[in-house]
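K.L.:
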Amino acid sequence: MSSIRKYVLITGCSAGGIGAGLAEVFREKGYHVFATLRNPAKLPPSLNRVNNVTPLTLDVLSPESIAAAVKSVANETGGRLDVLVNNSGQNFIMPALDLDIEKGRKLFDLNFFAPLAMIQAFIPLIVEAKGYIVNQSSAAGYVPLPFGSIYNGSKAALNMASGIWGRELEPLGVRTLTLVTTSVKTPAFDNIPRPEIPRNSPYYVIHDYIERLSDGRLQEGAPDTRTYGLKVVGEIEKGTTGEVWVGKDAGMNRWASKWLPQSIFNLALDSFVKASVELAKVAEAHKAKKS
1 MSSIRKYVLI TGCSAGGIGA GLAEVFREKG YHVFATLRNP AKLPPSLNRV
51 NNVTPLTLDV LSPESIAAAV KSVANETGGR LDVLVNNSGQ NFIMPALDLD
101 IEKGRKLFDL NFFAPLAMIQ AFIPLIVEAK GYIVNQSSAA GYVPLPFGSI
151 YNGSKAALNM ASGIWGRELE PLGVRTLTLV TTSVKTPAFD NIPRPEIPRN
201 SPYYVIHDYI ERLSDGRLQE GAPDTRTYGL KVVGEIEKGT TGEVWVGKDA
251 GMNRWASKWL PQSIFNLALD SFVKASVELA KVAEAHKAKK S
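Letter 122 of the sequence shown, counting from 1, is numbered 122 in full-length UniProt numbering, and no numbers are missing.
Here it is, written out as structure tokens:
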């Protein structure tokens, strides 16, 4: 076994979240962990003032903050980074017609462009270590869920781009893994901005339904962050590249998204989220308004 210490940097390590769960498993496996987050007060006690963990304040939307993190990591590691985990991200539910475009752009910045900015900034350290880039994406990128076009669209873009980045980085000796995550038990839905549907929106008639989509029901029966972390770190230690589906019913969801015809897949999705019933109410209200 090599005696060379391995280093991992993980974004979005707030208490209870996937990032914190990954950080704890990496630490148990002997890695030195740079646990980063925008608000250091949200770091869990298990990662604060413990061996092999360096907390870093990092805003992945700030080039200056990213540059400062690169300098801090390089100074501590001698200019290398074995694993970069782009975990930061946020969900968002809103009908496309009612969306504030600027808010939509900010979500794409966080979910899509921030991982690329982190890769560009840290790539000299990762190449030096012949390291790993892990991009936290979502099965939502394969699911045409009504009222989720911005979040799901940003993850669809990341799913595709992460695979392309993997091919581009392979000649540099860098491996890339895309985590297509289904449901994991976290407080993430507590942080989702609640959709505020305007009264003049054609979807206001179902505003209660749209608001409930962000209430965390999709996490029922999902694995905890430690179970998730053990699976992911195991894949990294095996050298897995490409896409790995992880989380609640990951295998079934992967099969359905890859092999079911879109119409059948939509019916299966609808049996769970009941979107067609709600959209029928919108159609009925629209017809009544015009008559």
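The C-beta atom is built at its ideal place from N, Cα and C for all residues, glycine as well.
1. Please tell me whether I197 and E278 are closer than 8 Å, where the distance is taken between their beta carbons.
2. Under a three-way DSSP split, which group does F34 fall into?
3. To the nearest angstrom, how far is the alpha carbon of G163 from that of A285?
4. Using a Cβ-Cβ cut-off of 8 Å (strictly less than) and excluding sequence neighbours within five positions of V70, which residues of its own chain qualify?
5. For R212, does the three-state DSSP call read helix, strand or coil?
6. Using only CA atoms, which one of R254, K274 and I150 lies nearest to S183?
7. Is the stretch 67–81 in contact with the stretch 19–31, if contact means three or more CB pairs nearer than 8 Å?
8. Please check the pair S134 and L56, which I expect to be a contact at CB under 8 Å, by giving their CB distance rounded to whole angstroms.
9. Candidates N91, T54, D109 and E220: which alpha carbon is nearest A74's?
10. Tell me the residue span of the beta strand (DSSP E) that contains E243.
11. In chain order, which continuous runs of the beta strand (DSSP E) of length 3 or greater are located wholly inside the stretch 126–161?
12. Flag T186 as yes if its beta-carbon sits less than 8 Å from any beta-carbon of chain B, otherwise no.
13. Which residues does DSSP pair with P198 in a beta bridge?
14. Report the start-end ranges of each beta strand (DSSP E) in the stretch 1–25 that is 3 residues or longer and not cut off at the edges.
15. Using only the alpha-carbon positions, how far apart do V282 and S201 sit?
16. Can K231 and V246 be called in contact, C-beta distance under 8 Å?
17. Applying the criterion that 16 or more other CB atoms from any shown protein chain within 10 Å of the CB defines a buried residue, is P63 buried or exposed?
18. Where V60 and K29 are concerned, what is the direct C-alpha to C-alpha distance, given to the nearest angstrom?
19. By alpha-carbon positions, which one of K6, D224 and L58 ends up nearest to L37?
20. Counting Cβ pairs, one atom from each stretch, are 3 or more of them under 8 Å apart for the stretch 83–102 and the stretch 142–155?
21. Take E76 and list the residues in its own chain whose beta-carbon comes closer than 7 Å to its own, dropping the five residues that flank it on each side.
22. Would you check if there are 3 or more beta carbon pairs closer than 8 Å linking the stretch 94–110 to the stretch 31–48?
23. From this set, L116, K6 and F265, which residue's C-alpha is nearest Y142's C-alpha?
24. Taking C251 as the reference, give the member of A139, P195 and S291 with the closest Cα.
25. Taking the alpha-carbon positions, what's the T181 to A288 distance?
26. On the CB-based measure, 16 or more other CB atoms within 10 Å of its CB, does E24 come out buried or exposed?
P.N.:
Once the coordinates are examined:
1. no
2. strand
3. 43 Å
4. A121, F122 and L125
5. helix
6. R254
7. no
8. Here residue 134 is Val; the residue named in the question, Ser, does not match the sequence. Between L56 and V134 the Cβ distance is about 17 Å, and since that is not below 8 Å, they are no contact.
9. T54
10. For E243, the uninterrupted beta strand (DSSP E) segment begins and ends at G242 to V246.
11. As far as the stretch 126–161 is concerned, its whole beta strand (DSSP E) runs of at least 3 residues are 132–138.
12. As a matter of chain content, chain B is missing from the structure shown, which is built from one protein chain.
13. Bridge partners of P198: none, in fact.
14. Qualifying beta strand (DSSP E) stretches, in chain order: 7–10.
15. 10 Å
16. yes
17. exposed
18. 26 Å
19. For the residues K6, D224 and L58, the minimum Cα distance to L37 belongs to L58.
20. yes
21. T54
22. no
23. F265
24. The sequence given here has Gly at residue 251, not Cys. That would be A139, whose Cα lies nearest to the Cα of G251.
25. 41 Å
26. buried
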